[in-house]
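A.B. asks: Below are the structure tokens for one structure; questions will follow.
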Amino acid sequence: MATVTTVNVKLSRSNRIYRSSEPVEGKIVIKSATSISHQPIRLSVNGSVNLQVRGGSAGVIESFYGVIKPIQIVKKTIEVRSSGKIPPGTTEIPFSLNLREPGESIVEKFYETFHGTNINIQYLLTADIPRGYLHKPLSATMEFIIESGRVDLPERPIPPEMVIFYITQDTQRHPLLPEIKTGGFRVTGKLATQCSLQDPLSGELTVEASSVPITSIDIHLLRVESIIVGERIVTETSLIQSTQIADGDVCRNMSLPIYVLLPRLLMCPSVFAGPFSVEFKVCITISFKSKLAKAQPKSDPTAPRLWMALERLPLELVRTKRDQFSC
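Residue numbers are given in my numbering: position 19 of the sequence shown equals residue 31, and the series is strictly consecutive.
Given below as structure tokens:
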């Protein structure tokens with residue numbers, strides 16, 4: 013019966029969050045029932061922006077648009093142990109790897125970790141243990157998270173920029189049910205359209221009038237990913253998260269608080285780079301009572317419907333020094 017040898021990369025920080033100016037530290041953990049011979053053990057770091065355009069967005073020439081060369085941020089390898097033997101049992105090999113050496117010129121900015129629909133900014137650590145020609149090499153990969161370094165951040169916390177909005181039948185660019193259009197409605201409020209990633213999205217909303225009963229009021233977070241492909245810009249908007257702030261026909265002229273926590277890995281500081289950009293929006297949806305709503309299948313909750321009123325606001329996300337974690 014063949015013995016099983018396992019390799020894992022364990023980082024020094026349980027949250028796996030680092031800044032580009034800090035060394036990424038941890039240990040390679042090897043568990044084996046027997047001793048194994050090996051060639052030099054190496055640790056590699058690979059950070060890149062991976063771009064893809066799905067066929068529905070790219071159009072006819074799917075094969076051309078679907079493959080886009082990744083943007084390399086960092087790629088380096090260090091040797092953590094020379095050739096030798098690993099004894100039976102558990103062996104831990106410590107490592108420390110600098111992402112950015114002092115005085116080193118950086119071609120690309122260390123963008124923050126982000127997992128989107130068409131844009132993924134990812135940093136991976138890979139431990140490789142080659143074992144010679146007759147043996148299968150061993151390896152393990154671990155993702156870690158990069159956040160902006162202190163030198164790149166504003167000195168002072170950025171106060172939320174509140175924007176006043178109002179939603180009526182006249183602000184809608186799509187058809188409404190006749191009873192909603194003629195009877196009318198008015199919803200007002202304010203929302204922070206510039207805020208820190210560490211803070212919740214905050215604001216308030218008031219239903220001043222509505223002739224048709226309201227069934228739900230929801231706040232949707234959207235990401236807008238844009239990629240330059242050849243001579244065109246391909247943009248796709250996708251839903252990140254939905255939060256219901258009212259269920260049923262709310263009281264008129266009563267202020268409803270808006271308080272939405274931001275999901276870390278699905279959002280990042282707004283990015284406007286050369287070949288790509290990542291922006292965010294907030295979509296406020298008001299659903300009115302209608303028999304059509306029950307008959308229609310639920311798909312995109314932000315798509316215009318006859319029984320819904322919509323308002324989209326831009327959302328600029330930033331990181332400040334106050335957002336940095338404690339080491």
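Every residue gets a Cβ at the ideal spot worked out from N, C-alpha and C, and that includes glycine.
My understanding is that C295 touches R317, with C-beta atoms under 8 Å, so please give their C-beta distance in whole angstroms.
C.D. replies: The pair is not a contact, with the Cβ atoms about 13 Å apart (cut-off 8 Å).
A.B. asks: Would the beta-carbon of S222 be found less than 8 Å away from any heavy atom of the ligand MG?
C.D. replies: Absence of the ligand MG from the depicted structure is noted, as is the absence of any ligand whatsoever, leaving it without description.
A.B. asks: When you compare only the Cα positions, how much space is there between T249 and E124?
C.D. replies: If you take the alpha carbons of T249 and E124, they lie about 20 Å apart.
A.B. asks: Whole angstroms is fine: what's the gap from P100's alpha carbon to R143's?
C.D. replies: Each residue's alpha carbon lies about 15 Å from the other.
A.B. asks: My guess is that R93 and I48 are in contact by the Cβ rule of under 8 Å, so how many angstroms apart are they, rounded?
C.D. replies: Between I48 and R93 the Cβ distance is about 12 Å, and since that is not below 8 Å, they are no contact.
A.B. asks: Report the option in F122, Q84 and I141 whose CA atom is closest to the CA atom of I90.
C.D. replies: If we check each option's Cα against that of I90, I141 comes out closest.
A.B. asks: Where does P269 sit, in a helix, a strand or coil, going by DSSP?
C.D. replies: Note: P269 maps to strand in three-state DSSP.
A.B. asks: Comparing alpha-carbon positions, which option in T332, E34, L146 and K303 lies nearest C207?
C.D. replies: Among T332, E34, L146 and K303, the Cα nearest to that of C207 belongs to T332.
A.B. asks: Around the Cβ of I270, are there at least 16 other Cβ atoms within 10 angstroms (buried) or fewer (exposed)?
C.D. replies: It is buried - the Cβ of I270 has at least 16 other Cβ atoms within 10 Å.
A.B. asks: Would you please state the rounded distance, in angstroms, between the beta carbons of P35 and S108? I believe it to be under 8 Å.
C.D. replies: Contact holds; Cβ gap of about 5 Å.
A.B. asks: Per DSSP, what kind of secondary structure is T183 in: helix, strand or coil?
C.D. replies: Looking at T183 - three-state DSSP - the assignment turns out to be helix.
A.B. asks: How about V57 and I83: do their beta carbons lie closer than 9 Å?
C.D. replies: The answer is no: Cβ separation not under 9 Å.
A.B. asks: When DSSP labels each residue in this structure, what does I192 get in the three-state scheme?
C.D. replies: Three-state result, I192: helix.
A.B. asks: With DSSP run on the structure shown, which of helix, strand or coil describes K43?
C.D. replies: Looking at K43 - three-state DSSP - the assignment turns out to be strand.
A.B. asks: In the DSSP assignment, find the beta strand (DSSP E) that holds A139 and state where it starts and stops.
C.D. replies: Looking at the DSSP string, the run of the beta strand (DSSP E) that includes A139 is I131 to I141.
A.B. asks: If you draw a straight line from the C-alpha of M279 to the C-alpha of L146, how long is it?
C.D. replies: Roughly 45 Å separates the two Cα atoms.
A.B. asks: Which of the three DSSP states is assigned to A374 in this structure?
C.D. replies: Absent from the structure is residue 374, since the part of the chain shown begins at 13 and ends at 339.
A.B. asks: Closest to I98 by C-alpha separation, out of T18, R31, L55 and Q181, would be which residue?
C.D. replies: Minimum Cα distance to I98 is reached at T18.
A.B. asks: From S267 to L217, what does the alpha carbon distance come to, in whole angstroms?
C.D. replies: Answer to the nearest angstrom: the Cα atoms are 6 Å apart.
A.B. asks: Take I157 and list the residues in its own chain whose beta-carbon comes closer than 6 Å to its own, dropping the five residues that flank it on each side.
C.D. replies: Within the same chain, I157 has close Cβ partners R28, I29 and T125.
A.B. asks: Could you check where the beta strand (DSSP E) with A221 kicks off and where it finishes?
C.D. replies: Its beta strand (DSSP E) spans residues L213 to S222.
A.B. asks: Considering only the beta carbon of each residue, do S95 and Q134 sit closer than 9 Å?
C.D. replies: Not closer than 9 Å, so no.
A.B. asks: Run through DSSP, which three-state label would L304 get?
C.D. replies: Three-state DSSP puts L304 in a helix.
A.B. asks: How is A70 classed by DSSP in three states: helix, strand or coil?
C.D. replies: Bear in mind that the predicted position of A70 carries a pLDDT of just 46, short of 50, making it too unreliable to give a figure here.
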